[in-house]
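Taking it in order: structure first as structure tokens, then the write-up.
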Amino acid sequence: MNQAVVETARLPAAGPAEGFAELYERTFPRVYAYVASLLRDRSAAEDVTAQAFERAYRKRRSYRAARGSMDAWVFGIARNAALDELRKRKRRAKLEGDPEDVHAPATDDQADIALRRETVRAALASLSGQERDLIALKFAGGLSNGEIAGVLRMSESNVGTRLHRTITKLREACHDAG
Amino acid sequence: MTQADVLTAIDDALETGRAADGDPVTRELQELALALRADSPEPTREFGEHLGRRVERGFPNRARSKPPWWRQFAEPAAVAVTILVLVTGIALLARGPSGAMDDSSGGSSGGSVAVSGAEDAGGGGGGRTALGSPGFAPGQAGRKIERTFALELETPVDRMQRVADQVTAVTTRHGGFVLSSSVSTGEDSSGGDFDLRIPATEVRPALRDLGALADVRSQSQTGRDVTPAYVTTRDRLQAARAERKSLLRRLEAATTDTEAEAIRQRLDIVAGQINSLRGRLHGLRLRTDYAVVTVSLQAKDGDGGGAGGGSFGDALHDAGDILVATAGILVRVLAVALPLALIALLGWAAGRAVQRRRRESALA
Numbered sequence: 063m064n065q066a067v068v069e070t071a072r073l074p075a076a077g078p079a080e081g082f083a084e085l086y087e088r089t090f091p092r093v094y095a096y097v098a099s100l101l102r103d104r105s106a107a108e109d110v111t112a113q114a115f116e117r118a119y120r121k122r123r124s125y126r127a128a129r130g131s132m133d134a135w136v137f138g139i140a141r142n143a144a145l146d147e148l149r150k151r152k153r154r155a156k157l158e159g160d161p162e163d164v165h166a167p168a169t170d171d172q173a174d175i176a177l178r179r180e181t182v183r184a185a186l187a188s189l190s191g192q193e194r195d196l197i198a199l200k201f202a203g204g205l206s207n208g209e210i211a212g213v214l215r216m217s218e219s220n221v222g223t224r225l226h227r228t229i230t231k232l233r234e235a236c237h238d239a240g
Numbered sequence: 208m209t210q211a212d213v214l215t216a217i218d219d220a221l222e223t224g225r226a227a228d229g230d231p232v233t234r235e236l237q238e239l240a241l242a243l244r245a246d247s248p249e250p251t252r253e254f255g256e257h258l259g260r261r262v263e264r265g266f267p268n269r270a271r272s273k274p275p276w277w278r279q280f281a282e283p284a285a286v287a288v289t290i291l292v293l294v295t296g297i298a299l300l301a302r303g304p305s306g307a308m309d310d311s312s313g314g315s316s317g318g319s320v321a322v323s324g325a326e327d328a329g330g331g332g333g334g335r336t337a338l339g340s341p342g343f344a345p346g347q348a349g350r351k352i353e354r355t356f357a358l359e360l361e362t363p364v365d366r367m368q369r370v371a372d373q374v375t376a377v378t379t380r381h382g383g384f385v386l387s388s389s390v391s392t393g394e395d396s397s398g399g400d401f402d403l404r405i406p407a408t409e410v411r412p413a414l415r416d417l418g419a420l421a422d423v424r425s426q427s428q429t430g431r432d433v434t435p436a437y438v439t440t441r442d443r444l445q446a447a448r449a450e451r452k453s454l455l456r457r458l459e460a461a462t463t464d465t466e467a468e469a470i471r472q473r474l475d476i477v478a479g480q481i482n483s484l485r486g487r488l489h490g491l492r493l494r495t496d497y498a499v500v501t502v503s504l505q506a507k508d509g510d511g512g513g514a515g516g517g518s519f520g521d522a523l524h525d526a527g528d529i530l531v532a533t534a535g536i537l538v539r540v541l542a543v544a545l546p547l548a549l550i551a552l553l554g555w556a557a558g559r560a561v562q563r564r565r566r567e568s569a570l571a
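Residue numbers (the numbering used here), protein chains in the order written: chain A, 63 to 240; chain B, 208 to 571.
Here's what the structure looks like:
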């Protein structure tokens, strides 16, 4: 599937936004989820997501398949936009805090599921910014370790090590919070 | 379980949506991964539809964000750098090959020398300098260097006479003189030869001006250090003059005619030696204070002067000249452009690194 997307993206002049539309359909929810996890602000996440896709659209001719998958390329653009937004709004403190309104209210959740979710969110707050970024790329963005390596410009094995360490830390934090 | 096994188990759970690993700790990590996935924020339907429409239309209403302050200077800066490169390249080309004949020795003394007088073939060790070398006996003021320059100029036939006049004018302007010259401007053979004497202190600008009169076809320079011959001749002249003074005093004190006659004979000999040494010293000064510059003026190929110029060989020759000249221009331009490009590349890389670090600092 990735290959099909790459091939159409190489021919952006063939039709108005053909290929890119497929890429958008496939990555939009995940990009939004990643950006929202990072920014913890629904309105800002929408702005940044739109900005990221527009940037990707304008720069789609500069994409080179040799540098990685198109998903990773779009996530790299989204990550840069999100980090710029974080810096601009000086949201570092909020990054450490609780989520604001990015998650839908859990009115119909069962009690134990809701409790579990709150525990995980509390544990997430104990992670550093880089660790939260990694978790967001993996679980909200749904990227493979190789794609994360491309986004973060590090080796895949390094990503694996950091991911293992982070999720183990998160598990311990959940135990502490529970 | 190894780290790789745990990561594989997590990926399996994400793919299947089930946490079913046999190891309790790994299963707990799988459940955590599923919880994180399930808790991912979801976009609203309105936002998804709105952005989807923009994607379909190719983002027609581009919301232009305010560009950074330096963006407005980027384009003028690029233009300025380009102009700088071009101007520098042109300046280097305008200097031309005549710069290779520059002489930075400055070693000749500035004594005034009469134009007339026979030149003496003075001795002294000869030392030839290569074309484009720093100069003759660089950094050794007081050395007596005999300089010879040969310049071969090429000009169209119809400009031959004009260039010949300008050669004389340039020579005079720099305090030199034309020892001999011959110019012919006929249909069959056109050309000219000039034997010039130009003060050593003026030879550098004079050569530059001469080289600017026409195309420089070839040039060469030689130098010979005649300091030993000069010093020897000067010392011998001083000794002869001292002897003459001594002889004159002895002549005044002579008491007999025989003695006086002997002294007079010796004085005649010494006077002859003094005249000879003075002439030799004079010649050495003339040759070191004035550089010998020979200019050969030739008709440009294809412009008459018996050169023909219409043959295939001439065309090949011209093509070769053009290629060499073009390569020369490219080398000079590259010599300027490459360092600038390298600096720009380093600046760009540093800028990217700084920008990346700043971005990452948002997560720190």
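Just so it is clear, CB atoms sit at the ideal spot from N, CA and C, and this is done for glycine as well.
query = Do we get a CB-CB distance below 8 Å when we pair V262 of chain B with the residues of chain A?
reply = The residue labelled residue 262 of chain B in the question sits at position 55 within the second sequence. Yes, its Cβ sits closer than 8 Å to a Cβ of chain A.
Closest Cα partner of A284 of chain B within the set B:A551, B:G349, B:L570 = Counted from its first residue, the second sequence places residue 284 of chain B at position 77. Here the closest residue by C-alpha is B:A551.
inquiry  = Just to confirm my understanding: we take G130 of chain A, look at its own chain, exclude 5 residues before and 5 after, and list those with CB closer than 6 Å. What are they?
reply    = In the first sequence, counting from the first residue as 1, residue 130 of chain A sits at position 68. Here the set comprises G212.
Per DSSP, the bridge partner or partners of A498 of chain B = In the second sequence, the residue the question calls residue 498 of chain B occupies position 291. According to DSSP, which records beta bridges pairwise, A498 of chain B is partnered with B:I405.
ask   = DSSP three-state call for G148 of chain B: helix, strand or coil?
value = As shown, chain B starts at 208 and ends at 571. That puts residue 148 of chain B outside it, with no answer to give.
ask   = Helix, strand or coil for R354 of chain B per DSSP?
value = Taking the first residue of the second sequence as 1, we reach residue 354 of chain B at position 147. Here R354 of chain B sits in strand by DSSP.
request  = With D432 of chain B as the anchor, note down where its alpha helix (DSSP H) starts and where it stops.
outcome  = Position 225 of the second sequence, counted from the first residue, corresponds to residue 432 of chain B. Run containing D432 of chain B: none in the alpha helix (DSSP H); it sits in the beta strand (DSSP E), 422 to 432.
ask   = Between T408 of chain B and L530 of chain B, what straight-line distance do the alpha-carbon atoms span, to the nearest angstrom?
value = The residue labelled residue 408 of chain B in the question sits at position 201 within the second sequence. The residue labelled residue 530 of chain B in the question sits at position 323 within the second sequence. In a straight line, the C-alpha of T408 of chain B is about 36 Å away from that of L530 of chain B.
ask   = Going straight from the alpha carbon of R456 of chain B to that of V477 of chain B, what length do you get?
value = If you number the second sequence from 1, residue 456 of chain B lands on position 249. If you number the second sequence from 1, residue 477 of chain B lands on position 270. The straight-line gap from Cα to Cα measures roughly 14 Å.
ask   = Is it right to say S568 of chain B is buried, meaning 16 or more other beta carbons lie within 10 angstroms of its own, or is it exposed?
value = The sequence position of residue 568 of chain B within the second sequence is 361, counting from 1. Exposed, since its Cβ has fewer than 16 Cβ neighbours within 10 Å.
query = Would W276 of chain B be called buried (16 or more neighbouring beta carbons within 10 Å of its own) or exposed?
reply = As a working mapping, residue 276 of chain B is identified with position 69 in the second sequence. W276 of chain B should be labelled exposed.
task = Return yes when the Cβ of D195 of chain A is within less than 8 Å of the Cβ of L570 of chain B, no when it is not.
result = In the second sequence, the residue the question calls residue 570 of chain B occupies position 363. In the first sequence, the residue the question calls residue 195 of chain A occupies position 133. Yes.
Residue-chain proximity (E209 of chain A, chain B), Cβ-Cβ < 8 Å = The count along the first sequence starts at 1 and reaches residue 209 of chain A at position 147. Not an interface residue.
Among A:A83, A:K150, A:A134, nearest to R260 of chain B - alpha-carbon criterion = Looking up residue 260 of chain B in the second sequence gives position 53. Ranking the options by Cα distance to R260 of chain B, first place goes to A:A83.
Residues of its chain near L100 of chain A, where Cβ-Cβ distance is below 6 Å and the 5 sequence neighbours each way are ignored = The residue given as residue 100 of chain A occupies position 38 in the first sequence. Excluding sequence neighbours, L100 of chain A sits near A144, A198.
query = Cβ of E361 of chain B within 8 Å of Cβ of D402 of chain B?
reply = Indexing the second sequence from 1 puts residue 361 of chain B at position 154. Indexing the second sequence from 1 puts residue 402 of chain B at position 195. Their beta carbons are not under 8 Å apart, which means E361 of chain B does not touch D402 of chain B by this criterion.
query = Expressed to the nearest angstrom, what Euclidean distance is found between the alpha-carbon atoms of F519 of chain B and R404 of chain B?
reply = For the purposes of this step, residue 519 of chain B is identified with residue 312 of the second sequence, where counting begins at 1. For the purposes of this step, residue 404 of chain B is identified with residue 197 of the second sequence, where counting begins at 1. Each residue's Cα considered, the two are about 41 Å apart.
ask   = What separation, rounded to the nearest whole angstrom, lies between the Cα atoms of A376 of chain B and L493 of chain B?
value = Locating residue 376 of chain B in the second sequence gives position 169, counting from the first residue. Locating residue 493 of chain B in the second sequence gives position 286, counting from the first residue. Rounded to the nearest angstrom, the two C-alpha atoms are 21 Å apart.
query = Do the stretch 203 to 219 of chain A and the stretch 118 to 138 of chain A make contact, defined as three or more Cβ pairs closer than 8 Å?
reply = yes
key: Counterpart residues of L504 of chain B in DSSP-defined beta bridges   = Within the second sequence, numbered from 1, the residue matching residue 504 of chain B stands at position 297. In the DSSP output, where bridge partners are listed per residue, L504 of chain B has B:L360, B:G399.
query = What number of angstroms, rounded off, separates the C-alpha of H524 of chain B from the C-alpha of R354 of chain B?
reply = Counting from 1 along the second sequence, the entry for residue 524 of chain B is found at position 317. Counting from 1 along the second sequence, the entry for residue 354 of chain B is found at position 147. Near 33 Å, if we compare the C-alpha coordinates of R354 of chain B and H524 of chain B.
According to DSSP, residues forming a beta bridge with V390 of chain B = Position 183 of the second sequence, counted from the first residue, corresponds to residue 390 of chain B. DSSP output for V390 of chain B lists B:G399 as bridge partner(s).
request  = Just the chain B side, please: which residues come within less than 9 Å of T223 of chain A by C-beta, in chain order?
outcome  = Along the first sequence, read from residue 1 onward, the residue named residue 223 of chain A stands at position 161. Neighbours of T223 of chain A on chain B, chain order: Q210.
Check whether A107 of chain A and A98 of chain A have beta carbons under 8 Å apart = Start at 1 with the first residue of the first sequence, and residue 107 of chain A comes out as number 45. Start at 1 with the first residue of the first sequence, and residue 98 of chain A comes out as number 36. Yes, the pair counts as a contact, with Cβ atoms nearer than the cut-off.
request  = Name, please, each residue of chain A whose Cβ falls closer than 8 Å to the Cβ of D246 of chain B.
outcome  = Sequence index remark: in the second sequence, residue 246 of chain B carries index 39 (1-based). Within chain A, the residues near D246 of chain B are H165, R179, V182, R183.
key: Counted within 10 angstroms of its Cβ, other Cβ atoms place A436 of chain B as buried (16 or more) or exposed   = The sequence position of residue 436 of chain B within the second sequence is 229, counting from 1. Counting Cβ neighbours within 10 Å, A436 of chain B comes out buried, since at least 16 surround it.
task = Give the residues from the stretch 104 to 115 of chain A that approach chain B closer than 8 Å (Cβ to any Cβ), ordered along the chain.
result = R104, A107, E108, T111, A112, Q113, F115
task = Please determine if the stretch 377 to 389 of chain B and the stretch 458 to 478 of chain B are in contact, where contact requires at least 3 C-beta pairs separated by less than 8 Å.
result = no
ask   = So which residues of chain A does V213 of chain B contact, with C-beta pairs closer than 9 Å?
value = For the purposes of this step, residue 213 of chain B is identified with residue 6 of the second sequence, where counting begins at 1. Within chain A, the residues near V213 of chain B are H226, I229, T230.
request  = Check the C-beta distance from R566 of chain B over to N220 of chain A and give it rounded, since I have them as a contact under 8 Å.
outcome  = As a working note, residue 566 of chain B is residue 359 in the second sequence. As a working note, residue 220 of chain A is residue 158 in the first sequence. Actually they do not touch by this definition, with Cβ atoms about 19 Å apart.
query = Can a CB atom of chain A be found closer than 8 Å to the CB of F519 of chain B?
reply = What you label residue 519 of chain B is simply residue 312 of the second sequence in a count that begins at 1. F519 of chain B does not count as touching chain A.
query = Does the pairing of the stretch 109 to 124 of chain A with the stretch 250 to 267 of chain B give three or more beta-carbon distances under 8 Å?
reply = yes
task = Apply the 10 Å Cβ neighbour rule to M367 of chain B and answer buried if 16 or more other Cβ atoms are within range, or exposed otherwise.
result = Numbered from 1 along the second sequence, position 160 holds the residue referred to as residue 367 of chain B. With 16 or more other Cβ atoms within 10 Å, it is buried.
ask   = Whose Cβ in chain A lies nearer than 7 Å to the Cβ of G224 of chain B?
value = Position 17 of the second sequence holds residue 224 of chain B. Under the 7 Å cutoff, chain A gives no residues; its nearest Cβ is about 13 Å from G224 of chain B.
Enclosing alpha helix (DSSP H) for Y119 of chain A [first to last residue] = Against the first sequence, residue 119 of chain A aligns to sequence position 57. 104 to 120 is the extent of the alpha helix (DSSP H) around Y119 of chain A.
task = Return the Cβ separation of D372 of chain B and S388 of chain B in integer angstroms, given the expectation that the two are a contact with Cβ distance under 8 Å.
result = Along the second sequence, read from residue 1 onward, the residue named residue 372 of chain B stands at position 165. Along the second sequence, read from residue 1 onward, the residue named residue 388 of chain B stands at position 181. So it is not a contact: roughly 11 Å between Cβ atoms.
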